[in-house]
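What follows is one structure encoded as structure tokens, with my remarks underneath.
Protein chains in written order, with the working numbering: chain A, 350 to 591; chain B, 63 to 380.
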């Protein structure tokens with residue numbers, strides 16, 4: 350279980366996170382919603398070790414992560430799929446996947462074989478990646494790059510996948526596909542912490558959600574509770590009455 | 063740029079009879095020098111690729127390596143082997159020193175300026191140390207003093223040929239390291255997007271240190287090749303190598319590995335032909351004319367279109 354307690358992160362004088370507390374249960378999809386500038390990406394970067402929080406704690410299965418750098422966090426089984434995919438455009442699809450397995454040992458033939466098998470599994474899960482294995486990742490479409498970014502993160506065999514706005518900039522059809530991938534990964538036992546602006550989609554897969562606003566948790570609950578709360582609906586998610 | 067003057071004093075056969083052989087001989091001479099340029103450009107490119115910053119003290123690291131080698135020679139007395147080892151080790155240590163002092167402490171938006179200016183200061187410092195070690199205007203730099211052989215109507219200095227082979231072997235090694243090893247995979251990933259690479263488990267500070275050390279080794283070998291070819295070392299060598307390396311890298315494309323190799327070889331061949339046909343004083347004019355043309359037509363350099371795009375992608379974040 351991932352437990353964030355009273356987390357504060359600042360960029361210089363600007364406090365982007367101001368005492369955020371939340372938890373993500375093992376085996377669940379936990380979703381963080383909120384408008385632009387609410388601190389969603391800052392939260393993800395703080396958990397993933399890219400940003401150093403000013404105060405508060407981040408515990409994963411009892412291990413304190415808030416003082417670790419990004420490789421240290423990854424070692425404990427948390428992998429971030431960054432916003433805008435950020436695949437390595439000049440490297441092939443296969444090399445992108447190999448880079449995802451960088452922290453895994455590869456000193457014995459058995460370990461190398463295991464990584465190769467995992468890459469094959471990714472090709473089986475995302476056939477389009479297999480078809481384009483030798484192609485530079487920059488030539489893939491947005492949706493394909495998102496699949497590659499997810500597969501690359503999975504190559505580290507994470508216990509929990511942190512996903513920052515996986516639907517951003519993708520067409521509605523591809524967004525549906527991405528969310529069915531998220532649901533599928535969750536069925537296979539991977540915990541997911543998802544940041545999204547597409548609240549309608551996110552709430553379909555989420556077990557629990559938090560609403561972030563101006564660096565604070567404004568609301569938390571289950572998607573069912575959200576449906577019934579008119580104020581929240583109108584204030585943060587737009588009128589979905591139609 | 064007088065430091066390289068003697069590099070061009072290649073003996074020539076009487077080639078009036080055969081213009082084709084003339085072109086071949088000049089091109090060969092150019093490739094021999096170009097290989098050393100390529101190594102320096104590779105060092106620049108490795109650093110720029112990972113850090114996206116320019117190391118102005120790089121040439122001075124090479125000078126210091128050479129100066130330390132010449133200064134140590136009387137104490138060690140190991141001959142050419144000792145000179146070679148001391149040049150490479152000296153260059154590498156200096157390069158790591160520059161990284162720790164000018165690059166590691168800076169990150170974020172102002173890092174590029176901070177690193178460039180502090181590396182400028184260290185450039186002066188390293189040049190001064192070199193001048194203290196070797197106070198005279200020129201000092202002898204021992205080479206292997208091998209004979210010149212004549213083959214297929216061409217004059218080939220065995221030493222230069224060995225240098226070319228060594229440079230090619232080193233480039234091959236760097237290529238294998240970058241494209242066939244896990245470390246190289248991560249180094250390339252980091253040069254595309256260092257933050258994402260750290261998300262995949264790359265310790266970025268360690269990677270920067272490794273890139274500088276590797277650049278130091280490449281530069282040390284290049285310095286030995288050029289200096290022993292010239293048989294002398296002057297205080298201008300640092301500036302001269304920074305200048306040649308930067309131009310070769312910009313020709314090929316900033317941060318591009320194949321670009322650095324091609325840019326170096328191209329620069330060497332161009333200089334050889336210009337010096338042969340118009341005289342040595344036109345060499346640098348031609349170099350800058352070519353650089354100007356390339357920047358006009360292909361601002362990213364020959365292999366640079368992709369490098370330019372990478373830069374933009376990296377800039378989109380944060």
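Backbone N, C-alpha and C fix where the C-beta goes; we use that ideal spot for every residue, glycine too.
Taking just the CA atoms, how far does residue 277 of chain B sit from residue 350 of chain A?
Here the question's residue 350 of chain A lines up with position 1 in the first chain. Here the question's residue 277 of chain B lines up with position 215 in the second chain. Cα to Cα, the separation comes out at about 44 Å.
From which residue to which residue does the alpha helix (DSSP H) around residue 235 of chain B run?
By one-based count along the second chain, residue 235 of chain B stands at place 173. Per DSSP, residue 235 of chain B is one residue of the alpha helix (DSSP H) stretching across 220-242.
Chain A contacts made by the stretch 222-256 of chain B, where a contact means CB separation under 8 Å
Cβ contacts with chain A: 244, 247, 248, 250, 251, 254, 255.
Minimum Cβ-Cβ distance from residue 447 of chain A to chain E less than 8 Å
Chain labels in this structure do not include chain E; the protein chains are A and B.
Please state whether the Cβ-Cβ distance between residue 110 of chain B and residue 312 of chain B is less than 8 Å.
What you label residue 110 of chain B is simply residue 48 of the second chain in a count that begins at 1. What you label residue 312 of chain B is simply residue 250 of the second chain in a count that begins at 1. The answer is no: Cβ separation not under 8 Å.
Provide the residue span of the beta strand (DSSP E) that contains residue 369 of chain A, from first to last.
Walking along the first chain from the start, residue 369 of chain A turns up at place 20. Element bounds for residue 369 of chain A: 363-373.
If you measure from the beta carbon of residue 475 of chain A to each beta carbon in chain B, is any gap under 8 Å?
What you label residue 475 of chain A is simply residue 126 of the first chain in a count that begins at 1. With 8 Å as the cut-off, residue 475 of chain A does not count as an interface residue toward chain B.
Less than 8 Å between the beta carbons of residue 160 of chain B and residue 286 of chain B, yes or no?
Residue 160 of chain B sits at position 98 when you count from the first residue of the second chain. Residue 286 of chain B sits at position 224 when you count from the first residue of the second chain. The answer is no: Cβ separation not under 8 Å.
Residues in the stretch 386-405 of chain A having any Cβ partner in chain B nearer than 7 Å:
Across the stretch 386-405 of chain A, CB contacts with chain B closer than 7 Å involve 397, 399, in sequence order along the chain.
Identify each residue in the stretch 104-126 of chain B for which the Cβ-Cβ distance to at least one residue of chain A is less than 8 Å, and report them in chain order.
Closer than 8 Å at the C-beta level to chain A, one finds no residue of the stretch 104-126 of chain B.
Presumed contact (8 Å Cβ cut-off) between residue 594 of chain A and residue 493 of chain A, rounded CB distance
Absent from the structure is residue 594 of chain A, since the part of chain A shown begins at 350 and ends at 591.
Could you list which residues in chain B have their beta carbon closer than 8 Å to that of residue 454 of chain A, in chain order?
Taking the first residue of the first chain as 1, we reach residue 454 of chain A at position 105. Scanning chain B for C-beta atoms nearer than 8 Å to the C-beta of residue 454 of chain A yields nothing, as the closest lies near 11 Å away.
Using the C-alpha atoms, what's the distance from residue 524 of chain A back to residue 429 of chain A?
Translated into positions along the first chain, residue 429 of chain A becomes position 80. Translated into positions along the first chain, residue 524 of chain A becomes position 175. Distance between the alpha carbons of residue 429 of chain A and residue 524 of chain A is about 19 Å.
Distance between residue 431 of chain A and residue 370 of chain B (C-alpha atoms, nearest Å):
Sequence index remark: in the second chain, residue 370 of chain B carries index 308 (1-based). Sequence index remark: in the first chain, residue 431 of chain A carries index 82 (1-based). Residue confidence is low: residue 370 of chain B scores 46 on pLDDT, short of 50, so the model does not pin down where it sits. Its coordinate-derived value is still stated next. Residue 370 of chain B and residue 431 of chain A have their C-alpha atoms some 22 Å from each other.
Residue from A/354, A/464, A/411, A/399 with nearest C-alpha to residue 417 of chain A:
Locating residue 417 of chain A in the first chain gives position 68, counting from the first residue. If you compare the alpha carbons of A/354, A/464, A/411, A/399 with that of residue 417 of chain A, the shortest gap goes to A/399.
Check the Cβ-Cβ distances between residue 591 of chain A and every residue of chain B, and say whether any is below 8 Å.
Here residue 591 of chain A is taken as the residue at index 242 of the first chain, counted from 1. Low per-residue confidence applies at residue 591 of chain A: pLDDT is 38, beneath 50, and the placement is therefore not dependable enough to give any value.
Considering only residues of the stretch 509-566 of chain A, which uninterrupted alpha helix (DSSP H) runs meet the minimum length of 4 residues and lie entirely inside it, listed in chain order?
Those alpha helix (DSSP H) runs which fall completely within the stretch 509-566 of chain A and span 4+ residues are 521-536, 548-554.
When you compare only the Cα positions, how much space is there between residue 406 of chain A and residue 355 of chain A?
Taking the first residue of the first chain as 1, we reach residue 406 of chain A at position 57. Taking the first residue of the first chain as 1, we reach residue 355 of chain A at position 6. Near 7 Å, if we compare the C-alpha coordinates of residue 355 of chain A and residue 406 of chain A.
Within a Cβ cutoff of 6 Å, which residues of the same chain sit near residue 218 of chain B, ignoring the five residues on either side of it in sequence?
Residue mapping note: residue 218 of chain B aligns to position 156 of the second chain, counting from 1. Around residue 218 of chain B, the same chain offers 211 as residues with beta carbons nearer than 6 Å, after the five sequence neighbours per side are excluded.
Can you check whether the C-beta of residue 168 of chain B is within less than 8 Å of a C-beta belonging to chain A?
Counted from its first residue, the second chain places residue 168 of chain B at position 106. Chain A, which has no Cβ nearer than 8 Å to the Cβ of residue 168 of chain B, makes this no.
Please give the ranges of any alpha helix (DSSP H) in the stretch 470-506 of chain A, keeping only runs that are unbroken, at least 4 residues long and fully inside the region.
With a minimum length of 4 residues, the continuous alpha helix (DSSP H) runs that stay inside the stretch 470-506 of chain A are 476-480, 491-503.
Could you tell me how far apart the beta carbons of residue 310 of chain B and residue 329 of chain B are, in whole angstroms, since I believe they sit closer than 8 Å?
Position 248 of the second chain, counted from the start, is the residue given in the question as residue 310 of chain B. Position 267 of the second chain, counted from the start, is the residue given in the question as residue 329 of chain B. About 5 Å separates the Cβ atoms of residue 310 of chain B and residue 329 of chain B, confirming a contact at the 8 Å cut-off.
Candidates A/444, A/515, A/384: which alpha carbon is nearest residue 565 of chain A's?
If you number the first chain from 1, residue 565 of chain A lands on position 216. Measuring from the Cα of residue 565 of chain A, the nearest candidate turns out to be A/384.
Buried or exposed: which applies to residue 179 of chain B, given that a residue is buried once 16 or more other Cβ atoms fall within 10 Å of its Cβ?
Taking the first residue of the second chain as position 1, residue 179 of chain B is located at position 117. Its Cβ having fewer than 16 others within 10 Å, residue 179 of chain B is exposed.
Which residues bound the beta strand (DSSP E) around residue 428 of chain A?
Here residue 428 of chain A is taken as the residue at index 79 of the first chain, counted from 1. Per DSSP, the continuous beta strand (DSSP E) segment holding residue 428 of chain A begins and ends at 427-430.
Counting C-beta neighbours from all protein chains within 10 Å, is the total for residue 538 of chain A 16 or more, i.e. buried, or is it exposed?
Stepping through the first chain from its first residue, residue 538 of chain A is reached at position 189. Exposed, by the Cβ-count rule.
Which residues share a DSSP beta bridge with residue 380 of chain A?
Residue mapping note: residue 380 of chain A aligns to position 31 of the first chain, counting from 1. BP columns for residue 380 of chain A point to A/543, A/558.
Pull up the distance between the alpha-carbon of residue 130 of chain B and that of residue 294 of chain B, whole angstroms please.
Counting from 1 along the second chain, the entry for residue 130 of chain B is found at position 68. Counting from 1 along the second chain, the entry for residue 294 of chain B is found at position 232. Whole-angstrom Cα-Cα distance: 14 Å.
Cβ of residue 93 of chain B within 8 Å of Cβ of residue 324 of chain B?
As a position in the second chain, residue 93 of chain B is number 31, starting the count at 1. As a position in the second chain, residue 324 of chain B is number 262, starting the count at 1. Not a contact, by the Cβ cut-off of 8 Å.
8 Å is my cut-off, CB to CB: does residue 364 of chain A come that close to chain B?
Stepping through the first chain from its first residue, residue 364 of chain A is reached at position 15. Chain B, which has no Cβ nearer than 8 Å to the Cβ of residue 364 of chain A, makes this no.
Taking C-beta to C-beta, are residue 540 of chain A and residue 377 of chain A nearer than 8 Å?
Within the first chain, numbered from 1, the residue matching residue 540 of chain A stands at position 191. Within the first chain, numbered from 1, the residue matching residue 377 of chain A stands at position 28. It is a contact, given that the beta carbons lie within the stated cut-off.
Report all residues from its chain with a CB closer than 8 Å to the CB of residue 145 of chain B; omit the five preceding and five following residues, and keep chain order.
Along the second chain, one-based indexing puts residue 145 of chain B at 83. 131, 132, 135, 203, 204, 286, 290.
Is the CB of residue 472 of chain A under 8 Å away from at least one CB in chain B?
Locating residue 472 of chain A in the first chain gives position 123, counting from the first residue. With 8 Å as the cut-off, residue 472 of chain A does not count as an interface residue toward chain B.
Determine, using beta carbons only, whether residue 304 of chain B and residue 99 of chain B come nearer to each other than 8 Å.
In the second chain, residue 304 of chain B corresponds to position 242, counting from 1. In the second chain, residue 99 of chain B corresponds to position 37, counting from 1. Not in contact: residue 304 of chain B and residue 99 of chain B (Cβ atoms no closer than 8 Å).
Continuous alpha helix (DSSP H) assignments of at least 4 residues falling wholly in the stretch 385-434 of chain A:
Unbroken alpha helix (DSSP H) stretches of 4 residues or longer found wholly inside the stretch 385-434 of chain A: 389-397, 419-424, given in chain order.
Beta carbon proximity, residue 271 of chain B to chain A, threshold 8 Å
Numbered from 1 along the second chain, position 209 holds the residue referred to as residue 271 of chain B. Chain A has no Cβ within less than 8 Å of the Cβ of residue 271 of chain B.
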